[in-house]
Amino acid sequence: METFKSVLKKLLLFLPLLLFSSEIEIDAKIFPAILKYDLKLKEKLVNGKVKISILYPSSSKREAIKLRNLISKKYKFQIELIPQNQISKLKTSSALYLFDLETRYLKKALRFAKERHLITFSKSPALLRFGVVASILNKRRVRPILNKRAIVESGISLSSTLLKVSFIYEN
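Numbering follows the working numbering, with no gaps: position 94 of the sequence shown is 893.
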């Protein structure tokens with residue numbers, strides 16, 4: 800069992816993200832960090848690599864490209880950008896990053912992820928009520944926010960360490 804000190808130390812890893820970072824920069828750091836706590840991530844690799852699919856509406860294309868570039872600088876992930884109206888191109892993935900999609904596309908993406916036990920992440924905590932697994936709570940400090948029901952229903956196994964340092968959303 801982890802001590803309070805070790806949990807606090809891991810939580811402090813997220814603290815520097817608050818300083819002088821934009822929302823998209825914070826997401827680019829926290830989303831991959833959350834993926835590391837997926838206990839079955841190795842089973843979700845695509846051709847031996849983590850593959851992130853970023854789904855976005857046309858109005859968010861520049862942000863999606865920026866997110867991809869920021870994640871690519873630090874991680875050797877495959878990153879696929881998919882406009883929401885081309886969601887049928889979504890065939891394989893290790894995790895999904897979802898911008899504010901139209902409801903019909905959001906439901907398709909969440910169904911895809913749930914069937915494959917994938918973590919879904921959105922910068923918008925409002926999407927948690929639809930079944931997105933993770934987001935960011937950015938009030939006085941940055942913390943991951945996890946949707947307990949979505950985790951259970953999707954059959955996702957997360958490290959207890961992540962659960963301890965996150966805010967748990969229950970709807």
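Just so you know, even glycine gets a beta-carbon here, dropped at the ideal spot from N, CA and C.
What you are looking at is a predicted structure, and each value in this text was computed from that prediction instead of being measured.
Which stretch, first to last residue, makes up the alpha helix (DSSP H) that contains Tyr874?
DSSP places Tyr874 outside any alpha helix (DSSP H), giving it a letter other than H or E.
Given a threshold of 16 other Cβ atoms within 10 Å of its Cβ, counted over all protein chains shown, does Ile881 qualify as buried or as exposed?
By the 10 Å Cβ count, Ile881 comes out buried.
Could you tell me whether the stretch 857-868 touches the stretch 949-959, using the rule of 3 or more Cβ pairs below 8 Å?
no
Three CB pairs or more closer than 8 Å across the stretch 882-893 and the stretch 927-945
no
Name, in chain order, the residues that DSSP records as bridge partners for Asn937.
Val941
Taking its Cβ as the centre, do 16 or more other Cβ atoms sit within 10 Å of Lys839, making it buried, or is it exposed?
exposed
What does DSSP give as the partner residues of Tyr855 in its beta bridges?
Pro882
Name, in chain order, the residues that DSSP records as bridge partners for Tyr896.
Beta-bridge pairing links Tyr896 to Ile853, Phe920.
To the nearest angstrom, how far is it from the Cα of Glu822 to the Cα of Ile870?
Cα to Cα, Glu822 sits roughly 13 Å from Ile870.
Along the chain, where does the alpha helix (DSSP H) that runs through Ile950 open and close?
947-953
Which residues in the same chain have their Cβ closer than 8 Å to the Cβ of Phe819, if we skip the five residues on either side of it in sequence?
With a pLDDT of only 47 at Phe819, under 50, the local geometry of the prediction cannot be trusted, and the value read off the model is given with reservation. Cβ within range, chain order: n/a, list empty.
What residues are listed by DSSP as bridge partners for Leu957?
Asp837
Using CA coordinates, which residue listed in Val951, Ile853, Glu824 is at the minimum distance from Lys913?
Val951
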